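These notes concern the structure reproduced below.
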């Protein structure tokens with residue numbers, strides 16, 4: 001209990017003082033390093049505006065680059081991945097996209113989305129972002145981790161391309177304890193006592209709880225069927241990979 005309370009206090013402190021970068025701050029940070037700054041862009045889906053960062057600056061040389069699509073974990077945003085945009089070995093070889101998932105960062109979404117609407121909105125946001133970023137069946141790699149690692153499977157399912165891989169680092173695929181779920185619900189009911197980001201993180205936890213408890217096997221089987229179908233005709237590329245290192249997500 002003491003460990004949990006200490007962890008909750010640290011999370012609240014972090015999320016209370018955490019601020020998302022503005023485009024001006026991103027520009028300043030990258031200009032100091034002599035690098036081209038990534039740009040915020042967005043797609044609209046009804047009353048929802050989904051933001052993301054991209055290093056696609058309409059350069060002709062980026063047309064054939066493989067895509068690396070970064071999916072933020074609960075409580076984080078697209079700017080968590082800024083260090084990958086700074087890494088010239090990555091940014092010069094990949095068309096980088098980092099999304100602000102529903103409830104995080106700059107993304108503006110309707111409150112209290114139901115489970116199926118949330119999934120539908122997330123998958124459509126992936127599709128619309130890729131369309132806006134001129135995706136044309138280049139190799140596409142999704143990266144996700146942690147409590148929202150299953151976002152990598154939802155994203156994988158959203159794109160029918162035969163050249164898609166999803167790398168999921170330390171996904172939390174086991175159900176949470178009943179007490180943890182109850183605490184998340186309590187925090188949400190007392191949202192006026194906690195930082196907004198911390199409350200949104202608990203809502204995100206509960207969303208993934210439903211998927212793990214009720215739908216996880218369905219999504220795994222859909223992914224398996226998709227892999228099996230493409231491997232009848234091709235030997236390469238499409239697949240989901242559960243990773244045993246969190247190198248990509250080190251602080």
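Residue numbers (my numbering): 1 to 251. We treat Cβ as the ideally placed atom computed from N, Cα and C, and that holds for glycine. A quick note: this is a predicted structure, and the numbers were derived from the prediction, not measured.
1. Where does residue 57 land, buried or exposed, given buried means 16+ other C-beta within 10 angstroms?
2. Which one of 162, 100 and 68 has the shortest CA to CA distance from residue 204?
3. Using a Cβ distance threshold of 8 Å, determine whether the region 137–147 contacts the region 63–74, with at least three qualifying pairs required.
4. Could you tell me how far apart the beta carbons of residue 166 and residue 192 are, in whole angstroms, since I believe they sit closer than 8 Å?
5. Going by alpha carbons, who is nearest to residue 216 out of 54, 149, 201 and 182?
6. Report the rounded CA-to-CA distance for residue 242 versus residue 90, giving the unit in angstroms.
7. Measuring CB atoms only, is the region 78–87 touching the region 30–46, in the sense that at least three cross pairs come out at less than 8 Å?
8. Assign residue 23 to one of two classes, buried (16 or more other C-beta atoms within 10 Å of its C-beta) or exposed (fewer than that).
9. Less than 7 Å between C-beta atoms, sequence neighbours within five positions excluded: which residues of the same chain meet that for residue 158?
10. Tell me whether residue 240 is buried or exposed, calling it buried when 16 or more other Cβ atoms sit within 10 Å of its Cβ.
11. Would you mind giving the Cβ-Cβ distance between residue 238 and residue 163, rounded to the nearest angstrom? I have them listed as a contact below 8 Å.
12. Please go through the region 20–66 and give each complete alpha helix (DSSP H) segment of 4 or more residues, from N-terminal end onward.
13. Quick check: the Cα distance between residue 121 and residue 129, rounded to an integer number of angstroms?
14. Within 10 angstroms of the Cβ of residue 98, are there 16 or more other Cβ atoms? Answer buried if so, exposed if not.
15. Given a cut-off of 8 Å on the beta-carbon distance, is the pair residue 109 and residue 119 in contact?
16. Assuming residue 31 contacts residue 96 (C-beta within less than 8 Å), just tell me the rounded distance between them.
17. With H, G and I counted as helix, E and B as strand and the rest as coil, what does DSSP make of residue 105?
From the atom records:
1. exposed
2. Distance check between residue 204 and each of 162, 100 and 68 places 100 closest, using alpha-carbon atoms only.
3. yes
4. With a Cβ gap of about 38 Å, residue 166 and residue 192 do not count as contacting.
5. 149
6. 21 Å
7. yes
8. exposed
9. 123, 126 and 127
10. buried
11. 7 Å
12. 23–32
13. If I take the Cα positions, the gap works out to 12 Å.
14. buried
15. no
16. Their Cβ separation, rounded to whole angstroms, is 18 Å, which puts residue 31 and residue 96 out of contact at 8 Å.
17. coil
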